[in-house]
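J.:
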Amino acid sequence: MDEHVLTGTRGPLTAYTWPHRPRPRYVALLVHGYGEHAGRYEKVADVLAGHGAAVFAVDHVGHGRSAGERVVIEDFEDVVTDVHTVAGLARAAHPGLPVVVIGHSMGGLIAARHAQRYGDELAALVLSGPVIGVWQLPGRLLALPEIPDTPISPSALSRDPAVGAAYATDPLVWHGPMKRPTLEAFVRTLETVAEGGDVGPLPLLWLHGDDDRLVPPDGSRVGVERLSGGRLTERIYPGARHEVFHETNRSEVFADVTRFLDGVLAG
Numbered sequence: 001m002d003e004h005v006l007t008g009t010r011g012p013l014t015a016y017t018w019p020h021r022p023r024p025r026y027v028a029l030l031v032h033g034y035g036e037h038a039g040r041y042e043k044v045a046d047v048l049a050g051h052g053a054a055v056f057a058v059d060h061v062g063h064g065r066s067a068g069e070r071v072v073i074e075d076f077e078d079v080v081t082d083v084h085t086v087a088g089l090a091r092a093a094h095p096g097l098p099v100v101v102i103g104h105s106m107g108g109l110i111a112a113r114h115a116q117r118y119g120d121e122l123a124a125l126v127l128s129g130p131v132i133g134v135w136q137l138p139g140r141l142l143a144l145p146e147i148p149d150t151p152i153s154p155s156a157l158s159r160d161p162a163v164g165a166a167y168a169t170d171p172l173v174w175h176g177p178m179k180r181p182t183l184e185a186f187v188r189t190l191e192t193v194a195e196g197g198d199v200g201p202l203p204l205l206w207l208h209g210d211d212d213r214l215v216p217p218d219g220s221r222v223g224v225e226r227l228s229g230g231r232l233t234e235r236i237y238p239g240a241r242h243e244v245f246h247e248t249n250r251s252e253v254f255a256d257v258t259r260f261l262d263g264v265l266a267g
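Mind the numbering: the sequence shown is residues 1 to 267 in the UniProt record's numbering, read in order.
1. For P217, which three-state DSSP category applies?
2. Who are the near neighbours of A49 in its chain, counting only those whose CB is closer than 6 Å to its CB and skipping five residues on each side?
3. Cα separation between V126 and P12?
4. Which complete alpha helix (DSSP H) runs does the stretch 23-57 hold, if anything under 4 residues is left out?
5. Starting from T189, follow the alpha helix (DSSP H) in both directions and report where the run begins and ends.
6. Which word fits V134, buried or exposed, when buried means at least 16 other C-beta atoms lie within 10 angstroms of its C-beta?
7. Considering only DSSP beta bridges, list what H104 is partnered with.
8. Kindly indicate which three-state DSSP category G164 falls into: helix, strand or coil?
9. Which value, in whole angstroms, describes the spacing of the CA atoms of R250 and G209?
10. Spell out a yes or no on whether the stretch 234-243 and the stretch 133-150 are touching, meaning 3 or more CB-CB pairs, one atom from each, closer than 8 Å.
11. How long is the line joining the alpha carbons of V187 and T9, rounded to whole angstroms?
12. DSSP beta-bridge partners for V5?
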């Protein structure tokens with residue numbers, strides 16, 4: 001993938017593009033989750049590029065190769081603005097192409113808010129294991145006098161042990177405790193999205209593992225159904241954990257995504 005340095009709301013950001021067909025059909029904007037980075041989505045980008053997408057992504061502030069104190073996000077509205085900056089880069093490179101936003105976990109929260117703010121610029125929204133609706137973790141941690149140093153368990157990500165092993169040794173992944181400003185920002189933005197209204201006729205695909213213990217699907221359902229303006233497609237995968245794009249049934253997940261996008265593009 002090629003790297004681009006952009007000016008973000010809180011410092012330099014590293015954005016990425018992947019090789020694509022000479023005449024792509026659409027733009028796909030990948031929005032990564034908490035503590036990780038866009039480079040973990042290389043397989044997703046490859047699948048989408050093979051499907052005809054020009055794929056773009058960015059490391060959020062405090063994540064990956066972008067500037068900022070590690071995993072500190074003080075205001076998710078700034079991150080949404082950063083994602084919109086990358087969308088502008090994509091539109092300048094591929095004018096006139098429909099734009100699809102695909103957000104995972106924390107990236108699902110960012111993508112949902114992006115759709116509330118800029119939905120008229122989008123062709124579709126895909127949310128994977130999204131932090132949206134009812135998510136108890138921030139409130140529980142903020143009630144403690146000190147945030148415990150309990151990193152995400154690699155085994156919670158996927159039934160594929162290779163995924164957890166790669167995550168555990170990835171130097172660009174944050175393996176320390178969550179930060180209080182980020183937890184407070186999560187609480188505020190969950191409320192903002194809940195109060196921000198639905199996305200109208202924008203087609204929405206919701207993907208979730210039914211054994212996701214990091215972001216339980218029942219809590220996300222509350223937010224997804226509130227966000228959807230009526231054009232909701234959902235795929236809940238039995239036995240799958242948090243990262244459905246890295247799960248043992250990832251081929252099924254990718255087929256569901258490309259089938260959904262084919263319908264959007266045909267429409």
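Note that CB positions come from ideal geometry on N, CA and C, so glycine has one too.
Keep in mind it's a predicted model, so treat the numbers as computed, not measured.
T.: In this structure, then:
1. helix
2. W18, H20 and V55
3. 27 Å
4. 42-50
5. R180 to E195
6. exposed
7. S128
8. helix
9. 11 Å
10. no
11. 21 Å
12. T14
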